[in-house]
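Read through the structure below, which is laid out as structure tokens, and then see the notes.
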Amino acid sequence: MRRGSRQALALSKLLIAISHRETVGGWRVPGAVVGLDRRGGVAEGVFQANQWLQSHKHPDRTKIRQRNLKLDRTIVSETPTRGLERKLDLLANQGVVILDRRQTYLDEMIDVSRISPGAVLFPGTRLLGAQTFIGPAAKIGTEGPAVLDNAILGENTEIASGYVSGAVLLRGARLGANAHVRPGTLLEEEASTAHAVGLKHSILMSFVTMGSLINFCDALISGGTSRRDHTEVGSGFIHFNFTPRGKSGDKATPSLVGDVVHGVFLRQARIFLGGLSAMVGPQKVGFGSLTVAGQVVREEVPANRIVGHAPRSIDQDIQVLSSSPTRIHRLNMAYIGQLAALQTWYRQVRLARIPCDVSYEHVRLVTQAGVEVLSQCIDERADRLRQFSEERRQPFPAFSVKELPCPLNVKPCKPYVDHIDWVNQLSDTEVSLATEWLRSVAKSVSPDIHEQAE
């Protein structure tokens, strides 16, 4: 190794070491250098630390450098472990159950105050990112290694194993083994998946259940009334969220299975999407319908139907893929309208009901994270539809989200009533009023197109 390379390596190690203390082997280091690793990174830190070393006069510089670097190699190798051990100690002291410290990792960004008492970290748990939050009695890694990267998990949630990034799980939601869940994903109360399920920019409303070996991107699914009576997606189902339309393809392909304006009240008939199947987005499936197993759903499914389509034969000019964008616009705007209605529901009902009390802070934090996920989903849909429209030289449908006031008497109360219990207590009159309110919010996004969607 050349001398310059050795010096850079030694200085980078020295920088890391001195970021934990201001005195190294009797050599006083200025505070400006101490914080460089945190602010400017190692490259900048090496440069500035080298400037300081070159200008510093010491009677026996070579011996001190050798002594310091020998000591610092030990510090560098031990400091990350010591930092991790300190965090694990803090978690244990605040009531977090860590089954095997040797197989539990927290990166430097993790805020231990966001890991709630009663949470259980199984062997193989890796927690990453400053936004990661784990609610009371949540269980991470029950069936294998699990990585949470800026994920927000509510009370009594469970991750069997897999990777969860930027997703939000409300109370009692569960992801099965080998999950791969990406940003923009929201699972409401007691929604669940079996093993090997991939999700991105998808919303599973309360009680929705997915089988195994499923991939869903850009979809919202609702329906059903309870844990026993729920909408279900059969194993081996794929939602195709990309089409080869246009010059480079597009993702203006979101699908509504059920809806928000009725689905939030947990009074609609469940939907069943048969397994070993696929759906080509954008699509719409009504409440109470069943699609048989082993097909590709290419058409909208009305409510209360059983639908099975035979594979079709097609031989057309490839340009047919780029024609008639009207339907694409209509379904995309209807989808955005439903997202807007759900976000309004979260803001004016879910959040408004939570008391300003530290005992319920975990409920508020997770619910607010749900609001933010819905903002991400709305922005994603708008961007994809804009790209679709611009490529076809079509006007981008103008839309805005209006926060219409909720007609229900919603206010915080102690003790807090669980959201599902509260919804089930609503009278038929209240449900009717709130349904019309949410329909108005969805319609306000783009009135003309929404009329077509209905």
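Each residue of the sequence shown is one higher than the last, beginning at 389 in our numbering.
Positions of the beta carbon are idealized from the N, C-alpha and C atoms, including for glycine.
In this text the structure is predicted, and so the values were computed from the model without any measurement.
Where residue i sits in the DSSP three-state scheme
{"i": "residue 604", "result": "strand"}
{"i": "residue 620", "result": "strand"}
{"i": "residue 750", "result": "helix"}
{"i": "residue 724", "result": "helix"}
{"i": "residue 831", "result": "helix"}
{"i": "residue 469", "result": "helix"}
{"i": "residue 646", "result": "coil"}
{"i": "residue 501", "result": "helix"}
{"i": "residue 770", "result": "helix"}
{"i": "residue 562", "result": "strand"}
{"i": "residue 461", "result": "Summary for residue 461: the model assigns pLDDT 45, below 50, so the residue's position carries little reliability; its value from the coordinates is reported in the next sentence. Reduced to three states, the DSSP call for residue 461 is helix."}
{"i": "residue 729", "result": "helix"}
{"i": "residue 811", "result": "helix"}
{"i": "residue 592", "result": "strand"}
{"i": "residue 626", "result": "strand"}
{"i": "residue 651", "result": "helix"}
{"i": "residue 484", "result": "coil"}
{"i": "residue 574", "result": "strand"}
{"i": "residue 557", "result": "strand"}
Integer-rounded CB distance, given that residue j should sit under 8 angstroms from residue i
{"i": "residue 526", "j": "residue 544", "result": "7 angstroms"}
{"i": "residue 720", "j": "residue 670", "result": "6 angstroms"}
{"i": "residue 798", "j": "residue 736", "result": "7 angstroms"}
{"i": "residue 689", "j": "residue 679", "result": "6 angstroms"}
{"i": "residue 674", "j": "residue 691", "result": "3 angstroms"}
{"i": "residue 787", "j": "residue 834", "result": "4 angstroms"}
{"i": "residue 509", "j": "residue 532", "result": "Wrong, their Cβ atoms sit about 13 angstroms apart, outside the cutoff."}
{"i": "residue 723", "j": "residue 783", "result": "19 angstroms between Cβ atoms; not a contact."}
Counterpart residues of residue i in DSSP-defined beta bridges
{"i": "residue 521", "result": "540"}
{"i": "residue 567", "result": "550"}
{"i": "residue 656", "result": "612"}
{"i": "residue 845", "result": "Residue 845 lies beyond the residue range present for the chain, which begins at 389 and ends at 842; the question has no answer from this structure."}
{"i": "residue 734", "result": "Note: residue 734 sits in no beta bridge, so no partner."}
{"i": "residue 493", "result": "514"}
{"i": "residue 527", "result": "508 and 546"}
{"i": "residue 581", "result": "598"}
{"i": "residue 679", "result": "661 and 695"}
{"i": "residue 672", "result": "644"}
{"i": "residue 802", "result": "BP columns for residue 802 are empty, so no partner."}
{"i": "residue 759", "result": "Looking at the DSSP assignment, residue 759 forms no beta bridge with any residue, so it has no partner."}
{"i": "residue 586", "result": "568 and 603"}
{"i": "residue 535", "result": "514 and 551"}
Candidates the options: closest to residue i by CA position
{"i": "residue 619", "options": "825, 645 and 559", "result": "645"}
{"i": "residue 601", "options": "591, 634 and 565", "result": "565"}
{"i": "residue 569", "options": "695, 589 and 484", "result": "589"}
{"i": "residue 585", "options": "704, 551 and 577", "result": "551"}
{"i": "residue 617", "options": "641, 579, 648 and 607", "result": "579"}
{"i": "residue 819", "options": "735, 633, 794 and 833", "result": "794"}
{"i": "residue 546", "options": "556, 555, 561 and 536", "result": "561"}
{"i": "residue 626", "options": "606, 638, 614 and 633", "result": "606"}
{"i": "residue 830", "options": "653, 534 and 647", "result": "647"}
{"i": "residue 495", "options": "729, 510, 471 and 695", "result": "471"}
{"i": "residue 481", "options": "501, 493 and 469", "result": "501"}
{"i": "residue 595", "options": "587, 623, 614 and 768", "result": "614"}
{"i": "residue 559", "options": "784, 535, 572 and 521", "result": "521"}
{"i": "residue 706", "options": "513, 661, 632 and 523", "result": "632"}
Proximity test, residue i beta-carbon vs the ligand NAP heavy atom, cut-off 7 angstroms
{"i": "residue 543", "result": "Here there are no bound small molecules, and the ligand NAP is not part of this structure."}
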